[in-house]
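A short worksheet on the structure shown next.
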Amino acid sequence: MPEPTRPGPSNPIRWFPEFLEFGKRRFRSQGRVLAACILVGFVAGVGGILFTILGQLVFQGALGGIVGYQPEGPLGEVKFPWVPRLDATFQPWLLLIVPTVGGLLSGFLVFRFAPEAEGHGTDAAIDAYHNKQGFIRTRVPVIKMISSALTIGTGGSGGREGPIAQIGAGFGSLLSRTLGLRAQERRILLAAGMGAGISAIFRAPLAGALFASEVLYSSPEFESEVILPTGLSSVVSYCTFGAIAVALGGAANAWQPLFQTPSSLVFRSAFELLPYTLLAIWVAILAMIYVRTFYGVTHLFSKLRLPRMFRPALGAALTGAVGLGLFYATGQNKVVLSVISYGYGVLQDGLSHELSLSAGLLLAIAFGKIATTSLTIGSGGSGGVFGPSMVIGGCGGGSLGLVLHAVSPTLVPHPGTYVILGMAGFFAAAAKTPFSTLIIVSEMTGDYRLLLPSLWVCSIAFLLSDEESLYHSQVRSRSLSPAHQGDYARDVLANMSVEQFLRGAADFPCLSLGDSLESVVEKFESTTFSCLPVVDESRRFLGIVALDELHLAARTPHANTWLIAADLMRSDIRPLRPEDRLDYGMELFAENDTLVLPVVDGVDDKNARVVGLVRRSDMARAYLFRLHGKRAGSKE
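Going by our numbering, 422 is the number at position 160 of the sequence shown; the sequence numbering is gapless.
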């Protein structure tokens with residue numbers, strides 16, 4: 263059988279008109295969503311700046327000005343000089359009080375105004391994508407930002423990505439509702455906001471786009487429809503964050519990677535993959551310990567006979583106690599206090615001064631950070647889990663690197679590489695995101711020289727990890743997502759249009775705005791439709807009246823004397839058009855929550871005239887006929 267011939271190039275004379283027509287079609291179908299993604303990226307970048315400033319203010323006022331704890335952060339961290347640095351005398355015992363107060367304030371805000379803002383925000387965004395059609399309440403991102411700044415700035419263990427991801431996702435959800443977008447488009451904007459938040463806060467635009475599409479599933483599967491929109495929003499958020507940070511005096515390092523790495527950290531030999539395999543096994547085990555501890559502590563707090571509002575305060579108090587205990591257990595070494603708040607400074611030390619820290623100290627920080635993060639977030643405190651995961655994986659990997667360096671300095675010349683690869687492999691195993699994680703760590707460190715061993719470690723760590731994920735709202739695969747349950751039906755109906763199931767205008771009566779209740783009842787008695795359209799003198803569509811609403815109205819005493827069709831009409835209905843595909847039609851039925859929809863025709867919505875009605879049952883029957891190889895309307 264000969265191969266089908268491919269179409270040749272178009273006529274050069276017709277190329278430009280054809281290109282314009284193609285551009286118009288693409289813009290009509292995608293332009294509004296892509297333009298909205300750019301706006302989402304801008305808001306996520308601004309949100310990243312606001313959260314950074316708020317976090318620094320709370321940190322300096324609480325840990326700096328009261329406790330006297332001033333750790334060094336990553337070399338690329340944005341610091342605004344006009345945020346005062348408060349250097350009080352260090353009083354470690356205050357770590358039992360300051361985090362508790364922060365947890366109390368955070369708990370009040372969250373459980374009084376937005377209970378869904380508790381815990382780590384990325385998981386809530388994933389849940390909204392799969393189960394809530396991309397819907398997030400408008401107040402949630404604001405409450406999340408303030409409560410997270412209070413939680414982490416006073417000593418609770420958490421990361422920045424959770425609140426920023428929820429800010430971006432929340433605005434994407436709000437914008438989609440404002441524009442009247444479909445559920446599918448709303449989910450895309452939510453994911454775009456989530457990726458844009460990661461891009462801004464960690465200076466990782468490519469990773470933000472990949473993370474938002476990969477973190478939705480616990481298998482190595484991507485949500486392909488969100489990658490391009492999220493890529494646009496991630497670039498915009500990255501540039502917005504950097505430009506505003508520089509304008510506000512945040513120094514030029516706003517354009518630099520978060521962590522600075524020495525040039526000596528390179529991949530030198532294929533033999534190095536042997537100890538890197540041990541690293542992958544080690545971080546996979548560490549990730550399983552982390553996930554089980556995190557959700558075990560979360561379960562214990564849920565069983566406490568204590569009002570939910572006060573649980574974050576208890577978790578924060580225990581976090582401070584863990585930090586204080588490790589501080590004295592290690593001979594009052596302040597480095598171990600990386601188990602509280604952000605803790606990124608120890609990672610920079612492990613990269614810049616790879617032999618200055620002991621394996622035991624790094625191991626204590628890794629397990630201490632598991633405990634403090636579980637207590638802070640598991641109790642209902644607000645913050646992300648990605649940042650603490652970087653500290654746990656980096657310190658755990660660095661401790662193994664120091665041990666292997668002591669055994670074989672030739673095979674493991676630079677333990678600092680184990681800090682980077684430990685971060686990547688640990689989160690790949692804990693969050694089930696092997697590919698986006700190796701990119702995000704590479705962008706955070708500005709170092710792609712370890713991309714090959716990163717891929718090796720992330721892949722093995724992911725394969726060795728079990729099914730328990732740090733994000734419980736993930737689903738196994740796209741086919742199991744509630745957001746895609748109708749995809750099979752959509753494929754079956756994709757080649758069918760509303761026009762072939764259109765019932766002509768002569769088959770049903772239309773209502774006018776001034777029709778009396780008695781007249782409306784008479785018109786319903788003359789048809790079998792459960793909804794009728796309301797039109798003006800030119801038959802332009804205004805809304806619908808549903809039979810169930812009519813029944814309720816008819817039972818109202820003396821309703822006949824004053825009720826008219828305008829009082830019963832729903833004006834928020836989005837009608838069908840003859841050229842609409844049936845898969846889109848099914849979405850409109852669900853969105854409008856009605857059994858009958860009018861079909862309109864016209865150059866625009868203002869001049870759309872009713873030309874027919876379509877029943878939801880007709881479309882369901884069409885699906886069954888097409889599924890079994892029959893044509894709609896056949897009598898077989």
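Even for Gly, the Cβ is constructed at its ideal location relative to N, Cα and C.
Legend entry - Same chain, Cβ closer than 8 Å to residue 613, five either side skipped, listed in chain order: So the list reads 521, 522, 523, 524, 527, 678, 681, 682 and 707, once near-sequence residues are dropped.
Legend entry - Residues that residue 860 bridges to, as DSSP identifies them: Paired residue(s): 875.
Inset, instruction - Go through its chain and collect everything with a Cβ distance to residue 515's Cβ below 6 Å, but skip five positions before and after it. - result: So the list reads 338, once near-sequence residues are dropped.
Legend entry - Alpha carbon of residue 361 to alpha carbon of residue 348, nearest angstrom: If you take the alpha carbons of residue 361 and residue 348, they lie about 17 Å apart.
Inset, instruction - Could you check the C-alpha separation between residue 789 and residue 813 for me, to the nearest Å? - result: Taking the straight line from one Cα to the other gives about 15 Å.
Inset, instruction - Would you list the one or two residues that DSSP bridges to residue 793? - result: Partner residues in the beta bridge of residue 793, as assigned by DSSP, are 808.
Inset, instruction - Sort 645, 603, 587 and 642 by Cα distance to residue 626 and report the nearest one. - result: Considering only alpha carbons, the answer is 587.
Inset, instruction - Look at the alpha carbon of residue 566 and the alpha carbon of residue 642, and state the distance between them as a whole number of angstroms. - result: So the two alpha carbons sit approximately 12 Å from each other.
Legend entry - DSSP bridge partner residues for residue 759 (one or two, in chain order): For residue 759, which the question treats as bridged, DSSP gives the partners 843.
Inset, instruction - Return the chain-ordered ranges of every alpha helix (DSSP H) run that is complete within the region 664-712 and spans a minimum of 4 residues. - result: Taken in chain order, the unbroken stretches of alpha helix (DSSP H) that lie wholly in the region 664-712 and span 4 residues or more are 678-693 and 696-707.
Legend entry - Inter-stretch contact at 8 Å, needing at least 3 Cβ pairs: the region 419-437 / the region 446-457: Result yes; three or more Cβ-Cβ pairs closer than 8 Å.
Inset, instruction - Under 8 Å by Cβ, that's how I've got residue 459 and residue 426 pegged, so tell me the actual separation to the nearest angstrom. - result: Contact holds; Cβ gap of about 4 Å.
Legend entry - beta strand (DSSP E) runs contained entirely in the region 357-396, provided each spans 3 or more residues: Runs of the beta strand (DSSP E) inside the region 357-396: none found.
Legend entry - Cβ contact (3+ pairs, closer than 8 Å) linking the region 387-395 and the region 596-610: The answer is no - the region 596-610 does not touch the region 387-395, with fewer than three Cβ pairs under 8 Å.
Legend entry - Helix, strand or coil at residue 646 [DSSP, three-state]: DSSP places residue 646 in strand when its eight states are reduced to three.
Inset, instruction - Could you spell out where the alpha helix (DSSP H) holding residue 561 opens and where it closes? - result: 535-565 is the extent of the alpha helix (DSSP H) around residue 561.
Inset, instruction - Pick helix, strand or coil for residue 832, following the three-state DSSP scheme. - result: Strand at residue 832.
Inset, instruction - Using the DSSP secondary-structure output, state which residues sit across from residue 774 in a beta bridge. - result: Bridge partners of residue 774: 797.
Inset, instruction - Pick helix, strand or coil for residue 891, following the three-state DSSP scheme. - result: Because residue 891 sits at a pLDDT of 49, beneath the cut-off of 50, its placement in the model cannot be relied upon, and the following sentence gives the value as read from the coordinates. Here residue 891 sits in coil by DSSP.
Inset, instruction - Compare the C-alpha of residue 663 against each of 705, 746, 576 and 535 and name the closest. - result: Here the closest residue by C-alpha is 535.
Legend entry - For residue 803: DSSP bridge partner residues: In the DSSP output, where bridge partners are listed per residue, residue 803 has 797.
Legend entry - For residue 500, the three-state DSSP class (helix, strand or coil): Residue 500 falls in the helix class under three-state DSSP.
Inset, instruction - Return helix, strand or coil for residue 455, following the three-state DSSP convention. - result: The DSSP-derived three-state label of residue 455 is helix.
Inset, instruction - Have a look at the DSSP bridge pairing and note the partners of residue 719. - result: None; residue 719 has no bridge partner.
Legend entry - Nearest-angstrom beta carbon gap, residue 828 and residue 782 [assumed within contact, 8 Å]: In this structure, residue 782 and residue 828 do not form a Cβ contact; the two beta carbons are roughly 10 Å apart against a cut-off of 8 Å.
Legend entry - Member of 869, 830, 786 and 762 whose CA lies at the smallest distance from the CA of residue 876: Considering only alpha carbons, the answer is 762.
Legend entry - Start and end residues, alpha helix (DSSP H) containing residue 318: Boundaries of the alpha helix (DSSP H) around residue 318: 294-321.
Inset, instruction - Could you tell me whether the Cβ atoms of residue 356 and residue 329 are closer together than 8 Å? - result: With a cutoff of 8 Å on beta-carbon distance, residue 356 and residue 329 are scored as near each other.
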